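Chains as they are written, first to last, in our numbering: chain A, -11 to 142; chain B, -11 to 142; chain C, -11 to 142; chain D, -11 to 142.
Down below is the structure, laid out as structure tokens.
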């Protein structure tokens, strides 16, 4: 039996999903997806999560808001292989004044492939920590925008 | 004025297109897509080209057919940036008894971002060259299958 | 004040260090090393750790022993940049019958850049868990071989 | 018989060599180095070539000089595998007012693994082409500095 995700209590509108197809170059000599690529999949899921809430990275960057990753934690449950279709479910788990924690569940059909969390900090151009502007904190706790342009893939 | 592509004479049914969204991790400190990633985009385009002709990699692998890249050539015309939507147009340019040449045009809207060619050789599990089986050579000169399952993304 | 590493109690002969120079392609548009690359640096440190104990990957692979990563945890403390010289200190923290935990401290001079842990499981060609052979378990608890061939770089 | 390199006529002081050890993550499911990684090896060789002539990237960047890659061409002759020690020999082949062409020969012992060329253009922060400053053009035609700090590896 697999334990519940630590963020199972979070309202479902804080989760968004996107498909990812495993690229050839993402495999290694064991014939499976190299473990570092799951951080890439999580990042793609996170970017898509923000898209679906009307955010584009360059707007935040122009305002001097960057979100570097300060902690990651991944648990690999099954191997994925070239050309498989995975789904990344990204959840905004917790927003503080200067950080946001996202949770990820990567699945292949009904199978759990990988799950994990990343902690991101709000910083300025100088990489010094700063408080989230109120509208950005709100966005990080928001549901998808109704008329989403359709999450980008890949 | 930009010159015609070297494979402009090839019938259009030998070209397939797929969208690619630039990932954050594919940029470098110049703020643009790192040049090595275009080989990844070409590879994704090539995999999709084969999908659209009913081919799955693992079927060929089970038959002992592999297609390593033996030559690449890329011309970078404009920089692409994070989160941009690109389109990879992949063309089967020339099939010989043991090689297949693909051409690629990567665009952003009407702009040419990158173009190039890759030469792939047919080899067995031992990486020694072997002649393409007739059905595979036919596939490499074929149009998309009518009821395509929908190109994989990413 | 930065807390002691969780594996501070481990005897120092279980730690080996290797230098890593940040590659251009490892940076992202923030001008810093993309966070996924630290898993690559840890992997390079781990491979070097094994080299220094007389182990070559292909020997274990030939015996049907593989060590996929099943858990990772990283804490990013400072940004690293292109061309900087980092040092990866890799420590064998705990060996069980079927897993080995490595700890990593990545520094730039006296600064802590990143620290983390990976849990690896012993599996066979079929990716099913198997017990470590006794000699391999011993190696995972061993000091560097005296006449090391000089750790590979990169 | 393998043909001479196109830049065989270039004086040998324009060539520098650096070792590269193949990383695990650089392999793919065929068990060999994924072809895109050779562009990474060439880039590492090029950075080292510049180091050995006293150049650090950030100095040029501060002067508003960037060198994006505008063309690449690679010929893959043999497969390389995890943990193998390769040598990248980088040669400054031709310097014009706004471009520099580097040639690369990647070997494993006496075997040619890969060879290729990259064309880089001199641009400013705005990515618009600009003429090489005289001292930089000189450096691109120079021998290694006598008391080199020892090229960084990796």
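All C-beta atoms, glycine included, are put in the ideal place defined by N, C-alpha and C.
Please read these numbers as outputs of a predicted model, since none were measured by experiment.
Quick check: the region 91 to 109 of chain D against the region 42 to 51 of chain D, are at least 3 beta-carbon pairs closer than 8 Å?
no
Would the beta-carbon of residue 24 of chain C fall within 8 Å of that of residue 8 of chain A?
no
Is the distance from the Cβ of residue 59 of chain C to the Cβ of residue 107 of chain C below 8 Å?
For residue 59 of chain C and residue 107 of chain C, yes; Cβs fall inside 8 Å.
For residue 77 of chain A and residue 21 of chain A, believed in contact at Cβ under 8 Å, the rounded distance:
With a Cβ gap of about 17 Å, residue 21 of chain A and residue 77 of chain A do not count as contacting.
For residue 102 of chain B, three-class secondary structure by DSSP
Strand at residue 102 of chain B.
For residue 10 of chain A, tell me which candidate among A:72, A:109, A:134 has the shortest Cα-Cα distance.
A:72
Please state whether DSSP places residue 14 of chain D in a helix, a strand or coil.
helix
N-terminal and C-terminal residue of the beta strand (DSSP E) that residue 74 of chain D is part of:
73 to 83
Within chain B, the residues that residue 24 of chain C reaches when beta carbons sit closer than 8 Å:
13
Using DSSP's beta-bridge definition, name the partner residues of residue 109 of chain D.
D:87
Measuring only between beta-carbons, confirm whether residue 90 of chain C sits less than 8 Å from chain D.
no
Against chain C, does residue 70 of chain B count as a neighbour if the rule is that its beta carbon must be under 8 Å from one of theirs?
yes
Within 8 Å (strictly less), CB to CB, does residue -5 of chain A reach chain D?
No, because no Cβ of chain D sits closer than 8 Å to the Cβ of residue -5 of chain A.
Select from A:132, A:0, A:54, A:95 the residue whose C-alpha is nearest the C-alpha of residue 119 of chain A.
A:54
Could you give the DSSP three-state label for residue 40 of chain D: helix, strand or coil?
coil
Could you pull out every residue in the same chain whose Cβ sits closer than 6 Å to the Cβ of residue 128 of chain B, ignoring the five residues on either side in sequence?
80, 83, 88.
Residue environment, residue 131 of chain B, which counts as buried when at least 16 other CB atoms sit within 10 Å
exposed
Three-state secondary structure assigned by DSSP to residue 28 of chain B
helix
Quick check on residue 109 of chain B - is its C-beta less than 8 Å from some C-beta in chain A?
Cβ-Cβ to chain A under 8 Å: no for residue 109 of chain B.
Top-ranked residue by Cα proximity to residue 34 of chain B, from B:63, B:-6, B:65, B:75
Ranking B:63, B:-6, B:65, B:75 by Cα distance to residue 34 of chain B puts B:75 first.
Between residue 74 of chain A and chain D, is there a C-beta pair that is closer than 8 Å?
no
Nearest chain B C-beta to residue 17 of chain C closer than 8 Å, yes or no?
yes
Under DSSP, the beta strand (DSSP E) around residue 20 of chain A begins and ends at which residues?
No residue range can be given for residue 20 of chain A, since it is assigned to no beta strand (DSSP E) and is classified by DSSP as neither H nor E.
Any residues in the region 36 to 63 of chain D with a beta carbon nearer than 7 Å to a beta carbon of chain B? Which ones, in chain order?
Residues passing the 7 Å Cβ filter: 54, 56, 57, 58, 59, 60, 61, 62, 63.
By Cβ distance below 6 Å, which residues in the same chain neighbour residue 139 of chain A in space, the five residues on each side in sequence not counted?
Here residue 139 of chain A scores only 45 on pLDDT, less than 50, and its place in the model should not be relied on; the value that follows carries that caveat. Hits under 6 Å: 6, 36, 39, 40.
Unbroken alpha helix (DSSP H) run spanning residue 50 of chain A, endpoints:
45 to 50
Span of the beta strand (DSSP E), counted from its first residue to its last, around residue 8 of chain B:
3 to 9
Starting from residue 124 of chain C, trace the alpha helix (DSSP H) both ways and give me its first and last residue.
122 to 127
So if DSSP puts residue 94 of chain B in a beta bridge, which residue, or which two residues, is it bridged to?
B:76, B:102
Along the chain, where does the beta strand (DSSP E) that runs through residue 59 of chain C open and close?
Note, residue 59 of chain C: beta strand (DSSP E), 57 to 64.
Is the shortest distance between the beta-carbon of residue 143 of chain D and the beta-carbons of chain C less than 8 Å?
A query on residue 143 of chain D cannot be resolved here, the shown segment of chain D reaching from -11 to 142 and no further.
Go through its chain and collect everything with a Cβ distance to residue 111 of chain A's Cβ below 7 Å, but skip five positions before and after it.
54, 56, 117, 118
Nearest by alpha-carbon distance to residue 109 of chain D: which of B:95, B:90, B:66 is it?
B:66
Going by the beta-carbon positions, is the gap between residue -7 of chain D and residue 26 of chain D smaller than 8 Å?
no
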